[in-house]
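One structure is given below, encoded as structure tokens.
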Amino acid sequence: MFKEWVKKILLGKRCSSESYINYLRSIGVNIGEDCVIYVPSKTLIDEQYPWMITIGDHVRITEGVKILTHDYAWSVLKTEKGAILGASGTVKIGDNVFIGMNTVITRNVEIGNNVIIGAGSVVTSNCDHNCVYAGVPAKRIMSIDEYYEKRERAQFNEAKKLAVEYFDRYGKRPGKEVFHEYFMLFETAEEAQKNDVFRNKIALCQNELDTVKYMSAHKAMFSSYDEFIEKCFEKCTNCVKEQSE
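Residues in the sequence shown are numbered consecutively from 3, following the numbering used here.
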């Protein structure tokens, strides 16, 4: 409680995602439901023309993101020629968008629905619906369907890497909660909902039923956590079989 109080004193409106979003709404930014700004103290959302910013539902804004509605580069023209030539524009972000760390979104940009923006990107032009963008300037990398297939193929290899690196670091096999992003490899929907960590993941994004339906329609790669973890260490010669969490 004391830490939270100090945080509120030091950071004010930026002390939490909820307080920062409420503040942005109060000055005119249009922000939808179920949005998260993960590190408000290190995020910049332009307040010069707040009514020029629209953010849809289910948008995730990570650390270091900057959303700009104006450009002060005209100061060079003023110094050189005496002219004040304003530069402003809207930023519109659709529904179900993830904006990676340290991304910059400039004025006159519209981002569609179901879009992923890779970390460190500079978004200077519109992003189509259902696509992944990354780079400087940001370019289309693939469709959301292609990204889904890519991530699906990578699940076991990434989970195995987590397990082996965990063992190398701590000298013991990980408990199942370590795989809180990979539990669909070995759990049924029914079993997953009995685990607090997994149940919390299922509840994310306000579509718990969709996740349960997905798990029911897609059989897990392994019949149990034990089978999964044994497969992870199948060729790991320095792992002691009987050692477990």
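Idealized CB from N, CA, C, for every residue including glycine.
Selected residue, minimal CA-CA separation from residue i, among the options
{"i": "VAL111", "options": "LYS178, ILE63 and ASN128", "result": "ASN128"}
{"i": "ILE63", "options": "TYR74, THR190 and PRO42", "result": "PRO42"}
{"i": "GLU151", "options": "LYS215, LYS163 and VAL134", "result": "VAL134"}
{"i": "ARG109", "options": "ASN197, GLY91 and GLN50", "result": "GLY91"}
{"i": "VAL180", "options": "ALA191, LYS162 and TRP53", "result": "LYS162"}
{"i": "VAL93", "options": "ARG171, SER226 and GLY114", "result": "GLY114"}
{"i": "GLU35", "options": "LYS203, GLN208, GLY122 and LEU164", "result": "GLN208"}
{"i": "ILE55", "options": "ILE23, PHE235, VAL78 and GLU82", "result": "ILE23"}
{"i": "ILE95", "options": "ASP130, GLY58 and GLU82", "result": "GLY58"}
{"i": "ALA222", "options": "GLN157, GLU148 and TYR25", "result": "GLN157"}
{"i": "GLU160", "options": "ILE143, GLU148, TYR184 and GLU210", "result": "TYR184"}
{"i": "ASP228", "options": "GLY14, TYR40 and GLY177", "result": "GLY177"}
{"i": "ASP73", "options": "ARG171, PHE100 and TYR51", "result": "TYR51"}
Which of helix, strand or coil DSSP assigns to residue i
{"i": "THR108", "result": "coil"}
{"i": "ALA222", "result": "coil"}
{"i": "ALA136", "result": "strand"}
{"i": "MET217", "result": "helix"}
{"i": "PHE188", "result": "coil"}
{"i": "ARG27", "result": "helix"}
{"i": "LYS15", "result": "helix"}
{"i": "LYS243", "result": "Annotation note: pLDDT 49 at LYS243 (below 50); position unreliable, no value reported."}
{"i": "PHE100", "result": "strand"}
{"i": "ARG142", "result": "strand"}
{"i": "CYS238", "result": "coil"}
{"i": "TYR22", "result": "helix"}
Anticipated Cβ contact below 8 Å, residue i with residue j, distance rounded
{"i": "VAL117", "j": "ALA140", "result": "About 10 Å separates the two Cβ atoms, so there is no contact after all."}
{"i": "LYS66", "j": "LYS44", "result": "Checking the sequence, you will find Gly at residue 66 rather than Lys. Going by Cβ atoms, the distance from GLY66 to LYS44 rounds to 5 Å, so yes, they are a contact pair."}
{"i": "ASN98", "j": "HIS60", "result": "5 Å"}
{"i": "PHE169", "j": "HIS182", "result": "Not quite, the Cβ-Cβ distance comes to about 18 Å (not below 8 Å), so this is no contact."}
{"i": "ILE29", "j": "GLU49", "result": "6 Å"}
{"i": "SER218", "j": "ALA194", "result": "So it is not a contact: roughly 11 Å between Cβ atoms."}
Residues near residue i by beta carbon distance below 8 Å, same chain, minus five either side
{"i": "TRP76", "result": "ALA85, ILE86, LEU87, GLY88 and ALA89"}
{"i": "THR126", "result": "THR108, VAL111, PRO139 and ALA140"}
{"i": "VAL38", "result": "SER19, VAL61, ARG62 and ILE63"}
Same chain, Cβ closer than 7 Å to residue i, five either side skipped, listed in chain order
{"i": "PHE230", "result": "LEU187, PHE188 and PHE224"}
{"i": "ASP212", "result": "none"}
{"i": "SER226", "result": "PHE188"}
Close-in-space but distant-in-sequence residues of the same chain around residue i (CB under 6 Å, 5 per side omitted)
{"i": "ILE146", "result": "ASN116 and ASN132"}
{"i": "LEU46", "result": "LYS68"}
{"i": "GLY120", "result": "GLY102 and ALA136"}
{"i": "TYR216", "result": "none"}
Segments of 3+ residues assigned as beta strand (DSSP E) that fall wholly inside the stretch 29–95: 55–57, 61–63 and 93–95
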